[in-house]
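All residue numbers for the sequence shown refer to the working numbering, where the first residue is 1 and numbers rise by one. All residues carry an ideal CB built from backbone N, CA and C; glycine is no exception. Bear in mind that the values here come from a model prediction, so they are computed numbers and not experimental data. Here is the structure we will look at.
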Amino acid sequence: MTSPAPVDRRERVSQTVAPVKLWFCPNESLAPGIAATLATNWLDEQEQEVAGRFLFDRDRRQYLVAHALVRRVLALESGIPEAEAVLWRSSRGRPFLRKPVEGLPRGGRELDFNLSHAGGYNLLGVVRRHRIGVDVERLDRDRALDAIVESFAPEESAWVAEAAPGRSRDRRILRLWTLKEAYSKARGLGLGLAFDSFVFTLDDDRGVRAFRPPDGEPPGQWRFAELEPEPGVLVAVTVMTSPDEEPVLDLHHGFPWSRSAPRQLLLPQPAGAP
Ligand SMILES: CC(C)(COP(=O)(O)OP(=O)(O)OC[C@H]1O[C@@H](n2cnc3c(N)ncnc32)[C@H](O)[C@@H]1OP(=O)(O)O)[C@@H](O)C(=O)NCCC(=O)NCCS
């Protein structure tokens, strides 16, 4: 599997659309005491309530880091202070930022974000137009992967079965899974979308070769990026773009205490039908 190509700055002097922004933040980026302090000051009542319900410290820590990350990044992007951002959820649980009627303090009216957290890693994606969906999974996750494959379309299961059992098969399964989750989360449907109703064709070394959306859905201008920001940690990103857009992806690593320079990557072209 290859990551999207790095941006050649000589070729991209006139970038017209805001980049797709991605923050990859391992839990260790934030010491437990600091995460707890930020959470006390930034999280709303509902988030504090959820945080208080975890049985295990490990899970509470993951939640606190993830939600401190969301509020910090939204503050940097929108100009709304961390504790003042109002987050609401759709009937399917997808969180959105409530935008002030006069627009965002840092300009613009649109901003969409999506969060994923798993096994000590947090991933947050932000776009200024359309929707984004993200997913992060560890290759060594302990859940049985066979059950996951049962949810795939037959041609995807067949592609998985071609790989030798072990790490290469697990990688195929988790590449498909993260892409499916990211697409479904961009659509706001979560696991409410049958995972065998849309199909990815993947190459071992070239990312997403083709995409067939669920019946009745236009193929659209979906772009899919796969990254491995740390060995064994798989990330998938789905964004909808307009035909005239040529966005890049800014990848930030760690907790965003400041506006550090991201790694810039080209977003692959929209994936066509198989
Ligand atoms: C969204 C969902 C797929 C997350 O799966 P996951 O791999 O366990 O979790 P991830 O870490 O990748 O993502 C979790 C985050 O996604 C976001 N999220 C929740 N529901 C979402 C949705 N419908 N669409 C997009 N994002 C969603 C939230 O930010 C959530 O984190 P938070 O609760 O701490 O704020 C799953 O929880 C889900 O489908 N929930 C909705 C309920 C639903 O549709 N059930 C099926 C009924 S038919």
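Along the chain, where does the alpha helix (DSSP H) containing residue i start, and where does it finish?
i, result
"ILE80", "From DSSP, ILE80 is part of no alpha helix (DSSP H); its letter is neither H nor E."
"LYS99", "Per DSSP, LYS99 belongs to no alpha helix (DSSP H) and is neither H nor E."
"GLN48", "45-52"
"ALA158", "154-161"
"LEU146", "The question names Leu, but residue 146 in the sequence shown is Asp. Residues 146-149."
Let me check understanding here. Comparing Cα to Cα, which of the options lies closest to residue i?
i, options, result
"ASN122", "VAL233, SER197, TRP222, LEU139", "VAL233"
"GLY60", "ASP205, ALA36, LEU174", "The question names Gly, but residue 60 is Arg in the sequence shown. Answer by Cα proximity: ALA36."
"PRO145", "SER116, ARG167, GLY125", "Reading the sequence as shown, one finds Leu at residue 145 and not Pro. The shortest Cα separation from LEU145 among SER116, ARG167, GLY125 belongs to ARG167."
"TRP257", "SER91, VAL65, PHE200, PHE96", "VAL65"
"VAL20", "LEU111, ARG187, VAL70", "LEU111"
"VAL136", "SER29, PRO229, ASP57", "PRO229"
"PHE211", "GLY220, ALA31, LEU38", "GLY220"
"ARG175", "GLY190, GLU45, PHE152", "PHE152"
"ARG213", "SER184, GLN264, LEU266", "Residue identity differs from the one stated: residue 213 is Pro in this sequence, not Arg. Ranking SER184, GLN264, LEU266 by Cα distance to PRO213 puts SER184 first."
"LEU265", "ALA225, PRO231, GLY254, ALA273", "ALA225"
"GLU246", "VAL235, PRO231, GLU162, ARG223", "ARG223"
"ARG109", "PRO274, LEU97, ARG209, ARG141", "LEU97"
Could you tell me how far apart the beta carbons of residue i and residue j are, in whole angstroms, since I believe they sit closer than 8 angstroms?
i, j, result
"LEU22", "VAL237", "6 angstroms"
"ARG92", "ALA118", "Not quite, the Cβ-Cβ distance comes to about 19 angstroms (not below 8 angstroms), so this is no contact."
"ASP250", "PRO262", "4 angstroms"
"GLU82", "TRP42", "4 angstroms"
"PHE24", "LEU74", "That belief does not hold up - the Cβ atoms of PHE24 and LEU74 are roughly 16 angstroms apart, past 8 angstroms."
Would you kindly report the start and end of the unbroken beta strand (DSSP E) that includes residue i?
i, result
"ALA273", "Here ALA273 belongs to no beta strand (DSSP E), and DSSP marks it neither H nor E."
"ALA186", "Note, ALA186: premise wrong, no beta strand (DSSP E); alpha helix (DSSP H) at 167-186."
"ALA236", "233-240"
"VAL136", "132-138"
"PRO26", "20-26"
"GLY125", "121-127"
Assess contact between the stretch 156-164 and the stretch 131-138, defined as three or more Cβ pairs (one per stretch) separated by less than 8 angstroms. Is contact present? no
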